[in-house]
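Data block below; observations after.
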Amino acid sequence: MIRFENVSVRYEDDTEPTLRGVDLTVPEGELVLLVGPSGVGKSTLLGAVSGLVPHFTGGTLTGRVTVDGRDTRTHPPRELADLVGTVGQDPSAHFVTDTVEDELAYGMESLGLAPAVMRRRVEETLDLLGLAELRDRPIATLSGGQRQRVAIGSVLTPHPKVLVLDEPTSALDPSAAEDVLAVLQRLVHDLGTTVLLAEHRLERVVQYADQVLLLPEGVMGSPAEIMAVSPVHPPVVALGRLAGWEPLPLTVRDARRRAGGLKERLEGRDPAGRLPHPAPSRTGAAPQAPLSGLRPVPRASTAGGAGFPARTRLNLSLFQRRRTEPETPTPLLHVEALAVRRGRVEALRHIDLQVHAGETVALMGRNGAGKSTLLSTLVGMLAPTSGTVRVAGRAPHTTAPGELIRQVGLVPQEPRDLLYADTVAAECAAADADAGAAPGTCRALVSELLPGVADGTHPRDLSEGQRLTLALAVVLTGRPPLLLLDEPTRGLDYAAKARLVTHLRSLAADGHAIVLATHDVELAAELAHRVVIVADGEVVADGPTAEVVVSSPAFSPQVAKILAPQHWLTVEQVEEAL
Amino acid sequence: MIQKTGPGLSTFTAPEASRANALHAGAWWLWALGLAVAASRTTNPLLLGLLVGVAGYVVAARRTDAPWARSYGAFVKLGLFVVFLRVVFSLLLGSPIPGTHELFTLPEVPLPDWAQGVRIGGRVTAEQLVFALYDGAKLATLLICVGAANALANPARLLKSLPGALYEAGVAVVVAMTFAPNMVADVARLRTARRLRGRPTGGVRAVLQIGLPVLEGALERSIAVAASMDARGYGRTALVPASVRRTTNVLTLGGLLGVCAGSYGLLAAEGAGYGLPLLGAGLLAAMAGLRLGGRRTVRTRYRPDRWGPRAWLVAGSGVAVAVLMIWANAYAPEALHPGVVPLEAPELPLWPAVSILVGLLPAFVAPAPKENA
Chain A
11 MIRFENVSVR YEDDTEPTLR GVDLTVPEGE LVLLVGPSGV GKSTLLGAVS
61 GLVPHFTGGT LTGRVTVDGR DTRTHPPREL ADLVGTVGQD PSAHFVTDTV
111 EDELAYGMES LGLAPAVMRR RVEETLDLLG LAELRDRPIA TLSGGQRQRV
161 AIGSVLTPHP KVLVLDEPTS ALDPSAAEDV LAVLQRLVHD LGTTVLLAEH
211 RLERVVQYAD QVLLLPEGVM GSPAEIMAVS PVHPPVVALG RLAGWEPLPL
261 TVRDARRRAG GLKERLEGRD PAGRLPHPAP SRTGAAPQAP LSGLRPVPRA
311 STAGGAGFPA RTRLNLSLFQ RRRTEPETPT PLLHVEALAV RRGRVEALRH
361 IDLQVHAGET VALMGRNGAG KSTLLSTLVG MLAPTSGTVR VAGRAPHTTA
411 PGELIRQVGL VPQEPRDLLY ADTVAAECAA ADADAGAAPG TCRALVSELL
461 PGVADGTHPR DLSEGQRLTL ALAVVLTGRP PLLLLDEPTR GLDYAAKARL
511 VTHLRSLAAD GHAIVLATHD VELAAELAHR VVIVADGEVV ADGPTAEVVV
561 SSPAFSPQVA KILAPQHWLT VEQVEEAL
Chain B
80 MIQKTGPGLS TFTAPEASRA NALHAGAWWL WALGLAVAAS RTTNPLLLGL
130 LVGVAGYVVA ARRTDAPWAR SYGAFVKLGL FVVFLRVVFS LLLGSPIPGT
180 HELFTLPEVP LPDWAQGVRI GGRVTAEQLV FALYDGAKLA TLLICVGAAN
230 ALANPARLLK SLPGALYEAG VAVVVAMTFA PNMVADVARL RTARRLRGRP
280 TGGVRAVLQI GLPVLEGALE RSIAVAASMD ARGYGRTALV PASVRRTTNV
330 LTLGGLLGVC AGSYGLLAAE GAGYGLPLLG AGLLAAMAGL RLGGRRTVRT
380 RYRPDRWGPR AWLVAGSGVA VAVLMIWANA YAPEALHPGV VPLEAPELPL
430 WPAVSILVGL LPAFVAPAPK ENA
């Protein structure tokens with residue numbers, strides 16, 4: 011169906027070609043997964059199938075790409091529109107019209123299909139993707155998962171033979187991602203559609219793939235073969251490699267069937283004692299391994315109290331003053347009965363939350379549950395409608411920005427929003443000035459977190475992971491004891507994610523409190539001492555990671571699913587225990 | 080269509096709005112333009128207020144929750160601003176209206192001789208302020224009528240009624256228009272993000288510093304949308320014989336030239352004789368050109384809005400208001416334009432007021448949007 015013959019792509023200013031000598035054949039009706047670290051040309055390869063590379067992006071393509079016998083050299087993207095459906099990384103940049111039904115029909119209108127045919131296909135697609143209730147809704151009012159489904163639906167209606175998707179689940183919560191993948195699998199099975207997709211979160215997709223294409227090597231093979239050698243792989247594969255399972259399991263189900271022996275070996279060992287980053291509340295003193303560029307944050311004594319329920323504290327405080335409880339330290343972040351309204355929508359309702367120094371808390375919940383709103387309230391971007399927020403004793407929305415950044419820092423979902431300057435050096439100088447830090451503080455942090463970035467680099471030319479790290483360094487310049495991160499692993503490959511995890515652990519060990527909102531269950535398992543699940547603007551679960559995550563099928567990491575009922579969360583824990 | 084349970088009164092009440100019975104966007108525009116024409120025929124503040132009330136009531140009764148429906152409030156604010164501006168200018172620059180009721184005197188700025196006839200500051204009379212107020216109110220009402228059409232009719236739907244040859248240009252315009260709200264959202268996002276860097280979020284410097292990232296973002300988004308449109312078949316053309324293409328060009332160009340020459344002839348003093356036929360011929364040729372040009376596009380239309388009886392009623396009510404007001408100008412001119420010199424209190428003339436109320440018809444016949452829980 012898709013053939014690449016010795017294809018190389020080079021963009022104008024680059025010295026190195028982005029793709030080099032790719033030869034591959036994708037047969038009809040297969041779901042092919044593209045894996046590889048960031049920057050190896052996955053998006054370029056996908057773009058070459060739809061003809062957007064090089065017709066739209068520029069650059070030089072040598073070799074030959076044919077889709078169903080049509081050469082992309084002679085067919086611009088619009089002449090391939092009936093054959094190839096493309097959904098890019100950001101679904102909102104994909105929409106041309108403003109309501110769901112019109113969007114589904116747009117592609118067919120361009121191709122000139124008969125009105126009766128269009129009507130039938132729109133109804134079919136609405137059912138296929140479960141969009142029937144949303145048909146009259148303006149697209150601007152949809153959630154991320156709904157948008158992704160509309161975007162896929164809008165390219166499905168012309169019945170393309172090939173579907174090309176670039177990170178279709180990266181912005182979605184686990185259950186929305188499963189919905190989207192289930193739809194893709196149905197298309198492959200029922201309609202024989204050929205699907206080519208790139209995705210960083212392999213734990214979500216690898217079990218659906220018929221073939222896996224590994225870049226930059228350009229090898230294609232069955233998922234098990236490729237995963238055995240691939241540098242990027244999901245936790246289930248890592249556990250399989252560790253335990254020496256043969257053939258390598260790709261699904262949690264396969265792995266669980268073979269896990270009997272491993273479970274016996276792990277029986278009686280305590281995962282909590284082997285946390286690579288003990289929670290301060292459990293062990294008292296955390297290992298002191300400060301980053302050299304950072305001064306450890308002065309921390310309160312943390313004996314007990316982290317898991318203390320807020321309600322009880324409220325009752326106690328009615329009878330005795332807080333100061334008379336010497337064993338309960340003042341939390342760094344104290345949120346009580348917080349409610350936030352945005353227009354007529356109650357985004358948050360009666361939120362109670364406490365975070366102590368040195369603690370890492372993961373905020374989880376479906377798209378639109380109120381995680382980002384909560385983080386915005388904690389940095390004073392939104393004022394609470396009722397209730398109180400105290401960060402180190404201050405109310406964030408009334409504190410002057412210049413003072414606040416020394417108490418709390420947020421790395422937003424789009425780290426680019428934080429960066430204004432033309433060069434990394436200028437960005438660092440500005441950050442020093444903003445935070446009132448000694449000149450060179452930020453640059454030292456950048457060099458430590460992000461070695462090998464030149465002063466003159468434009469922030470836009472950095473990769474997704476590098477940009478995130480730069481934003482993190484900018485935020486850390488003010489040495490805030492409380493650090494907030496919104497979806498930090500969106501678009502990061504496993505290597506970048508591993509580096510981020512290392513940074514955040516050493517920050518927590520220094521006594522920083524970290525709150526991260528994430529859909530990435532594996533990240534939460536590796537980092538968080540506590541998980542707080544938010545649904546519909548309310549906290550529905552709050553407790554130690556192992557307990558919260560293992561009891562919830564949507565939010566449990568793969569290792570926990572395989573080794574249930576034992577409380578293991580990460581491959582690292584298992585490795586240390588063995 | 081919604082199934083009726085039985086004959087009776089329910090047959091005449093408006094059905095719940097859905098895609099199938101959506102009112103033609105053109106009907107809403109005709110209705111609003113009718114009200115606007117009526118507004119342009121009177122300076123009576125009571126009648127103008129009545130028009131605003133009618134438009135506001137219909138909007139409140141029939142608009143949806145869609146983002147474009149929220150523009151009504153913005154138009155009302157713009158209208159109030161226009162009134163305010165008109166009064167301020169009248170205060171500062173004076174007015175040719177002769178008045179006897181002097182309210183106060185502003186210090187007058189002495190101007191050189193060559194600026195004769197221009198005055199800054201000076202005497203302010205009640206007549207002049209009332210005149211400015213009436214005039215501003217008229218403009219504001221026009222704006223509010225346009226705002227009502229904007230809130231009730233989806234602009235993209237109106238596009239579907241364009242001839243095929245113009246559709247693609249129309250899509251480009253609509254997509255371009257969506258960038259204004261997107262950019263406003265970007266500015267708001269980046270301004271709050273400045274807080275995270277510990278910088279003040281207001282002030283000129285803040286706007287200057289985020290200007291470049293906002294423009295960059297807008298540019299990137301427009302390229303992404305263009306790529307998506309291209310990959311989805313935007314701009315696919317059918318093969319047409321060269322002769323048809325050439326005829327199209329000749330007809331369109333010739334037609335437009337004819338329209339220009341014709342309208343010049345109509346407006347100029349000596350050309351009235353050939354003006355009208357030339358204008359007609361030009362229009363015909365241009366329409367034929369557009370029709371022929373439509374053959375090049377392969378696109379079809381998905382569920383275009385139908386012009387049904389309800390659309391006739393809505394559009395008709397707007398046209399009726401306009402016609403009745405024009406007629407009212409003939410039988411009661413003094414009631415529609417209350418005197419300013421000498422100053423007199425405006426009164427509400429019965430028949431013109433009744434004819435404005437005809438504009439309320441859409442609030443009863445147009446399909447009602449779903450109640451949101």
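Those protein sequences? They're chains A and B, same order as listed. All the letters of the first sequence, read from the start, carry residue numbers 11 to 588 under the numbering used here. All the letters of the second sequence, read from the start, carry residue numbers 80 to 452 under the numbering used here. Ideal placement from N, C-alpha and C gives every residue a C-beta, glycine not left out.
{"query": "Alpha carbon to alpha carbon, how far is residue 58(A) from residue 180(A)?", "result": "21 angstroms"}
{"query": "Please return the same chain residues whose Cβ sits closer than 8 angstroms to the Cβ of residue 214(B), not counting the five positions on each side in sequence.", "result": "122 and 165"}
{"query": "Can you find a C-beta in chain A that's less than 9 angstroms from the C-beta of residue 249(B)?", "result": "no"}
{"query": "Give the residues of chain B in contact with residue 134(A), contact being defined as C-beta atoms less than 8 angstroms apart.", "result": "Near residue 134(A) there are no residues of chain B at all, since even the closest Cβ is about 14 angstroms away, more than 8 angstroms."}
{"query": "Answer with buried or exposed for residue 74(A), where buried requires no fewer than 16 other C-beta atoms within 10 angstroms of its C-beta.", "result": "exposed"}
{"query": "Under a Cβ-count criterion, where at least 16 other Cβ atoms within 10 Å of its own Cβ denotes burial, should residue 23(A) be classed as buried or exposed?", "result": "exposed"}
{"query": "Is the segment 506 to 523 of chain A touching the segment 347 to 358 of chain A in the sense that three or more CB pairs, one from each, lie closer than 8 angstroms?", "result": "no"}
{"query": "Taking residue 456(A) as the reference, give the member of 487(A), 444(A) and 428(A) with the closest Cα.", "result": "487(A)"}
{"query": "Just how far apart, CA to CA, sit residue 118(B) and residue 100(A)?", "result": "46 angstroms"}
{"query": "Determine, using beta-carbon pairs with one atom in the segment 301 to 312 of chain B and one in the segment 439 to 447 of chain A, whether at least three such pairs fall under 8 angstroms.", "result": "no"}
{"query": "Who pairs with residue 543(A) in a beta bridge, going by DSSP?", "result": "374(A) and 551(A)"}
{"query": "Could you give the residue range of the alpha helix (DSSP H) that holds residue 610(A)?", "result": "In this structure chain A extends from 11 to 588, so residue 610(A) is not present and cannot be described."}
{"query": "What residue does the beta strand (DSSP E) around residue 632(A) start on, and which one ends it?", "result": "No answer is possible for residue 632(A): it lies beyond the span of chain A, which begins at 11 and ends at 588."}
{"query": "Output needed in chain order: residues of the segment 299 to 333 of chain B with a Cβ under 7 angstroms from some Cβ in chain A.", "result": "300, 303, 304, 306, 307, 308, 309, 310, 311, 312, 313, 314 and 315"}
{"query": "Which runs of the alpha helix (DSSP H) at least 4 residues long sit entirely within the segment 362 to 434 of chain B? Give them in chain order.", "result": "388 to 410 and 412 to 415"}
{"query": "Determine the direct distance from the alpha carbon of residue 230(B) to that of residue 466(B), and round the result to whole angstroms.", "result": "Examination of residue 466(B) is not possible in this model, given that chain B is present from 80 through 452 alone."}
{"query": "Using a 10 Å radius around the Cβ and a threshold of 16 neighbouring Cβ atoms, would you call residue 168(B) buried or exposed?", "result": "exposed"}
{"query": "For residue 463(B), which residues in chain A fall below 7 angstroms Cβ to Cβ?", "result": "A query on residue 463(B) cannot be resolved here, the shown segment of chain B reaching from 80 to 452 and no further."}
{"query": "Name the one or two DSSP bridge partners that residue 95(A) has.", "result": "173(A)"}
{"query": "Output the distance between the C-alpha atoms of residue 546(A) and residue 425(B), rounded to the nearest integer angstrom.", "result": "55 angstroms"}
{"query": "Relative to the C-alpha of residue 341(A), which candidate in 565(A), 491(A) and 454(A) has its C-alpha closest?", "result": "491(A)"}
{"query": "Please list, in chain order, the chain B residues whose beta carbon lies closer than 7 angstroms to that of residue 236(A).", "result": "The contacting residues do not exist; residue 236(A) stays about 28 angstroms from chain B at best."}
{"query": "Ordered along the chain, which non-local residues of its own chain (more than five positions away) have a Cβ less than 7 angstroms from that of residue 249(B)?", "result": "238 and 241"}
{"query": "Considering only residues of the segment 406 to 491 of chain A, which uninterrupted alpha helix (DSSP H) runs meet the minimum length of 4 residues and lie entirely inside it, listed in chain order?", "result": "411 to 414, 434 to 445, 451 to 459 and 474 to 486"}
{"query": "Could you check the C-alpha separation between residue 63(A) and residue 193(A) for me, to the nearest Å?", "result": "27 angstroms"}
{"query": "By the 9 angstroms beta-carbon criterion, what residues does the segment 406 to 418 of chain A contribute toward chain B?", "result": "410, 411, 412, 413, 414, 415 and 416"}
{"query": "Buried or exposed: where does residue 14(A) fall if 16 or more other Cβ atoms within 10 Å of its Cβ makes it buried?", "result": "buried"}
{"query": "Quick one: give me the first and last residue of the alpha helix (DSSP H) that residue 135(A) is part of.", "result": "125 to 138"}
{"query": "Using the beta-carbon of each residue, which ones in chain A are nearer than 7 angstroms to residue 288(B)?", "result": "430"}
{"query": "By Cβ distance, which residues of its chain are closer than 7 angstroms to residue 323(A), with the 5 residues on each side in sequence left out?", "result": "A caution first: residue 323(A) carries a pLDDT of 40, below 50, which makes its placement in the model too unreliable to give a value."}
{"query": "Can you give the Cα-Cα distance for residue 572(A) and residue 584(A), rounded to whole angstroms?", "result": "12 angstroms"}
{"query": "Hey, could you find the ends of the beta strand (DSSP E) residue 654(A) is sitting in?", "result": "A question about residue 654(A) goes unanswered here, because the residues of chain A that appear run from 11 up to 588."}
{"query": "Cβ of residue 233(B) less than 9 angstroms from any chain A Cβ?", "result": "yes"}
{"query": "Would you kindly work out how many angstroms separate the C-alpha atoms of residue 115(A) and residue 252(B), rounded to a whole number?", "result": "19 angstroms"}
{"query": "Output the distance between the C-alpha atoms of residue 438(B) and residue 42(A), rounded to the nearest integer angstrom.", "result": "60 angstroms"}
{"query": "Does any C-beta atom of chain A lie closer than 9 angstroms to the C-beta of residue 352(B)?", "result": "no"}
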